[in-house]
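Protein sequence lines correspond, in order, to chains A and B. Numbered by full-length UniProt numbering, the letters in the first sequence go through residues 1 to 405 in order. Numbered by full-length UniProt numbering, the letters in the second sequence go through residues 1 to 275 in order. Ideal Cβ placement from N, Cα and C applies to all residues, glycine included.
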Amino acid sequence: MAPSSATGAGILYQYTNCRILRGGKIFRDDLWVRNGIIMDPEILFYVEKVYADEKIDCQNMIIAPGFIDVQINGGFGYDFSTDANVEEGVKKVAHGILAHGVTSFCPTVITSTPEFYKKLLPRIKKCNGSEKGAGVIGIHVEGPFISSERIGAHPKQLVRDFDNGFSDVLTTYGDITNIAIVTLAPEKKNSLSVIEDFCKRGIVVSVGHSSANLVEGEEAVRSGARFITHLFNCMLPFHHRDPHLVGLLTSEKLPRNRHIYYGIIADGIHTHPAALRIAQRVHPKGTVLITDAIQAMGLPDGTYPFGEQTIVVEGQRSYIKGTNTLAGSTATLDTCVRLFAKQTDCGPELALEAASLHPAQLMGIEDRKGTLNFGTDADFVLLDDSLNVKATYIAGKCVYTADAI
Amino acid sequence: MRLVIHENYDEVSLWAAKYVRRSIINFNPGPDKYFTLGLPTGSTPLGMYKKLIEFHKAGKLSFRYVKTFNMDEYVALPREHPESYHSFMWENFFKHIDIQPDNAHLLDGNAEDLEKECTNYEKIIKEAGGIRLFIGGIGPDGHIAFNEPGSSLVSRTRVKTLAQDTILANARFFGNDLKKVPTQALTVGVGTVMDADEVMILITGAHKAFALHKAIEEGVNHMWTVSAFQQHPRTIFLCDEDATMELRVRTVKYFKGLMQIHNKLVEDPDVIKVD
Numbered sequence: 001m002a003p004s005s006a007t008g009a010g011i012l013y014q015y016t017n018c019r020i021l022r023g024g025k026i027f028r029d030d031l032w033v034r035n036g037i038i039m040d041p042e043i044l045f046y047v048e049k050v051y052a053d054e055k056i057d058c059q060n061m062i063i064a065p066g067f068i069d070v071q072i073n074g075g076f077g078y079d080f081s082t083d084a085n086v087e088e089g090v091k092k093v094a095h096g097i098l099a100h101g102v103t104s105f106c107p108t109v110i111t112s113t114p115e116f117y118k119k120l121l122p123r124i125k126k127c128n129g130s131e132k133g134a135g136v137i138g139i140h141v142e143g144p145f146i147s148s149e150r151i152g153a154h155p156k157q158l159v160r161d162f163d164n165g166f167s168d169v170l171t172t173y174g175d176i177t178n179i180a181i182v183t184l185a186p187e188k189k190n191s192l193s194v195i196e197d198f199c200k201r202g203i204v205v206s207v208g209h210s211s212a213n214l215v216e217g218e219e220a221v222r223s224g225a226r227f228i229t230h231l232f233n234c235m236l237p238f239h240h241r242d243p244h245l246v247g248l249l250t251s252e253k254l255p256r257n258r259h260i261y262y263g264i265i266a267d268g269i270h271t272h273p274a275a276l277r278i279a280q281r282v283h284p285k286g287t288v289l290i291t292d293a294i295q296a297m298g299l300p301d302g303t304y305p306f307g308e309q310t311i312v313v314e315g316q317r318s319y320i321k322g323t324n325t326l327a328g329s330t331a332t333l334d335t336c337v338r339l340f341a342k343q344t345d346c347g348p349e350l351a352l353e354a355a356s357l358h359p360a361q362l363m364g365i366e367d368r369k370g371t372l373n374f375g376t377d378a379d380f381v382l383l384d385d386s387l388n389v390k391a392t393y394i395a396g397k398c399v400y401t402a403d404a405i
Numbered sequence: 001m002r003l004v005i006h007e008n009y010d011e012v013s014l015w016a017a018k019y020v021r022r023s024i025i026n027f028n029p030g031p032d033k034y035f036t037l038g039l040p041t042g043s044t045p046l047g048m049y050k051k052l053i054e055f056h057k058a059g060k061l062s063f064r065y066v067k068t069f070n071m072d073e074y075v076a077l078p079r080e081h082p083e084s085y086h087s088f089m090w091e092n093f094f095k096h097i098d099i100q101p102d103n104a105h106l107l108d109g110n111a112e113d114l115e116k117e118c119t120n121y122e123k124i125i126k127e128a129g130g131i132r133l134f135i136g137g138i139g140p141d142g143h144i145a146f147n148e149p150g151s152s153l154v155s156r157t158r159v160k161t162l163a164q165d166t167i168l169a170n171a172r173f174f175g176n177d178l179k180k181v182p183t184q185a186l187t188v189g190v191g192t193v194m195d196a197d198e199v200m201i202l203i204t205g206a207h208k209a210f211a212l213h214k215a216i217e218e219g220v221n222h223m224w225t226v227s228a229f230q231q232h233p234r235t236i237f238l239c240d241e242d243a244t245m246e247l248r249v250r251t252v253k254y255f256k257g258l259m260q261i262h263n264k265l266v267e268d269p270d271v272i273k274v275d
């Protein structure tokens, strides 16, 4: 009869007086963590016969899996798509987003030149999270194989095609080992074989920045694409005779085992609440909340360089200078969770899963991240009932607290 | 034999929990002196467990120096299966209280050598000094633990094949798929429970009324295994009004007349101290 540490198995923490999100439900239970892993208390009790070294009173808060942001361009003054000291930028953002409950993310690089990719991509390495910052799952390369008609804030002159198939992809990006997800326009010539080649290499393919119709979208999904980049934004709008990419949410022509996910910016600006509700209601298990945040996230109003362009931040909105084009959001992921829950009335479970379980499933890492299941990484957040982040944990270590807990 | 009759299930649960608390506190357990408690599973004792948890959370009862011994467990059902008695006890009792993992004993239905597991269980009960208070429930056919009708009344802990009625009744817990229902269980014997210093049997609901009648108003009979406890020197049958439906008016009136005495058995520890 001993505490866990006395058996040499490591210090066992029991988070108590809390409600936890597991299996789609929030219910009263304790969370047990040892060596950075979520433990099964019945095994501890019946098999190992150990008890907790330390009990932590969570003051009746909700414990949810740590948030995962698969599309974030920068923040806190740093832009991942500019050359200047990208290592420091990733570091700074990784640390800054801990306060917003994010424990893993995909630094996103917008449409750039091949020379730039070759310089930049090798420098953004995959890494585990720690008290220094959220983990890097891998880079999200958003472009350059996108439609020049749906560029959004991307530099039009740098958009490319892959007329020679995957070899064009490789000559553009160079080393692709750090890439985890790619956004491309599926209406391009050779797109189906390129999608298959990305999938073979374990890179998630997302359709977006595209003028594709639904049939082209469905073909892309049949070839392996599983994500839609910021739904409704930078794609043709829903039309009842051709719903375009939006129609993928209710398509019956997708492979049976293929679950489609869609990124959505629930910052209250990029997507109208009615549009949010439409997406959420027709496909609640596919929602992936993303910030699409730019370097101005966490910064005051002003004018900032963004890739090869200049953007203006006014309040919560950001534009390309001299136009009305939205340049990306300044929202944080925890704000998006709260807004999404409020505007869709989907309940806290689905809103939290849209920022944790769903992105983990999309990236194929749900065996380690995005849940509080036994045996997964102890990346989690403590939230009050209004879903404000009060503390963030990575691998069982507290990496952020709002105030004394 | 005592028969304690309460208005309804909730009152039975509260009285049972108070009785357990009273017994533990009177025993005054400590590091060198553990209180030993035999425990059942099933829907009948759930209310009692809830009340015991309430007492514990209110700081009025500790299980730090209590050893528990469960009555039974299915054979070959994974421990983590939600219908296993390990899962039941963890979810409904152990995780809410301060019992030490080493002190919570259950039969291992997945042991390599089941017979050895049973012999060993008897041994550890003995080493713990026997059981002070064994709590049980019964089935509508009068079985206690998995001592199905026809079991020997001097039986010890052993492997038991379940009666067809029990298997059919259990199907609802296993997706109504008979192939998934365990057909065997490890169970303490009637003799094992008889060895306890005290036995308290909970019986609630009209569907158990006939079993209660067979248990206390007719002779000892191995077809109604719970009737064996008529011969135990300190047994309490604790039931609700519904369960008395098949009893004689005389029986009910007699035992109801003793309620004042019965209620003294569960007085709040604070009240006792004042005396």
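- Here Met89 (chain B) is buried, its C-beta having at least 16 other C-beta atoms within 10 Å.
- Take the alpha-carbon of His56 (chain B) and the one of Asp268 (chain B): they are about 14 Å apart.
- For Lys126 (chain B), the three-state secondary structure derived from DSSP is helix.
- A:Thr291 is the residue among A:Arg34, A:Pro114, A:Thr291 whose C-alpha sits nearest the C-alpha of Ala266 (chain A).
- Between the alpha carbons of His213 (chain B) and Cys239 (chain B) lies a gap of roughly 12 Å.
- Residue-level contact check: Lys125 (chain A) does not touch chain B, since none of the beta carbons of chain B fall below 8 Å from its beta carbon.
- Under the 8 Å criterion on CB atoms, Phe94 (chain B) is classed as interfacial with respect to chain A.
- Distance between Ala17 (chain B) and Glu7 (chain B), taken at the CA atoms: about 16 Å.
- Going by DSSP, Val199 (chain B) is part of the beta strand (DSSP E) stretching over 198-203.
- Inter-segment contact for the stretch 381-388 of chain A and the stretch 23-34 of chain A is absent: fewer than three beta-carbon pairs are separated by less than 8 Å.
- Residues of chain B with a Cβ closer than 7 Å to the Cβ of Lys49 (chain A) are, in chain order, Pro101, Asp102.
- Nearest in C-alpha terms to Tyr74 (chain B), of all of B:Asn110, B:Pro31, B:Ile201, B:Ala228, is B:Asn110.
- For Phe45 (chain A), the residues of chain B that pass the 8 Å Cβ criterion are Trp90, Phe94, Lys95, Pro101, Ala104, in the order they occur in the chain.
- Among the residues of the stretch 32-60 of chain B, none has a Cβ less than 8 Å away from any Cβ of chain A.
- Cβ atoms of Thr225 (chain B) and Leu153 (chain B) come within 8 Å of each other, at about 7 Å.
- Leu192 (chain A) is a Cβ neighbour of Ala220 (chain A), given a cutoff of 8 Å.
- When the alpha-carbon of Phe67 (chain A) is set against those of A:Leu249, A:Tyr51, A:Leu352, A:Gly75, the nearest one is in A:Leu352.
- Boundaries of the beta strand (DSSP E) harbouring Pro107 (chain A): 102-110, taken from the DSSP string.
- At a cut-off of 8 Å between beta-carbon atoms, Glu42 (chain A) makes contact with chain B.
- Three or more Cβ pairs closer than 8 Å define a contact, and the stretch 283-300 of chain A meets that threshold against the stretch 324-334 of chain A.
- Interface annotation, Glu267 (chain B): not in contact with chain A, CB-CB separation never under 8 Å.
- Of all alpha-carbon atoms in B:Tyr19, B:Val252, B:Asp10, the one lying nearest the alpha-carbon of Asn263 (chain B) is that of B:Tyr19.
- Under the Cβ distance rule, Arg79 (chain B) counts among the residues neighbouring chain A, one pair being separated by less than 8 Å.
- By the CB criterion at 8 Å, Ser13 (chain B) and Lys51 (chain B) fall inside the cutoff.
- Considering only beta carbons, no part of the stretch 191-214 of chain B lies closer than 9 Å to chain A.
- In the structure shown, the three-state DSSP call for Glu241 (chain B) is helix.
- Around His86 (chain B), the beta-carbon contacts reaching into chain A at under 8 Å are Glu42, Tyr46.
- Note that the C-beta distance between Tyr46 (chain A) and Arg79 (chain B) is below 8 Å.
- Taking one beta carbon from each stretch, the stretch 275-292 of chain A and the stretch 344-351 of chain A have 3 or more pairs nearer than 8 Å; the two touch.
- The residues Ser223, Gly224, in chain order, have a CB closer than 7 Å to that of Glu196 (chain A) in the same chain once the five nearest residues on each side in sequence are set aside.
- Residue state for Phe27 (chain B) is assigned as helix, using DSSP reduced to three classes.
- Within 10 angstroms of the beta-carbon of Ser43 (chain B) lie fewer than 16 other beta-carbons, which makes it exposed.
- Beta bridge pairing from DSSP links Ser318 (chain A) with A:Val313.
- The distance from the Cβ of Thr68 (chain B) to that of Glu122 (chain B) is about 16 Å, inconsistent with a contact at the 8 Å cut-off.
- Here Cys58 (chain A) is buried. Its C-beta has 16 or more other C-beta atoms within 10 Å.
- About 12 Å separates the CB atoms of Ile11 (chain A) and Ala378 (chain A); that is not less than 8 Å, and the two are not in contact.
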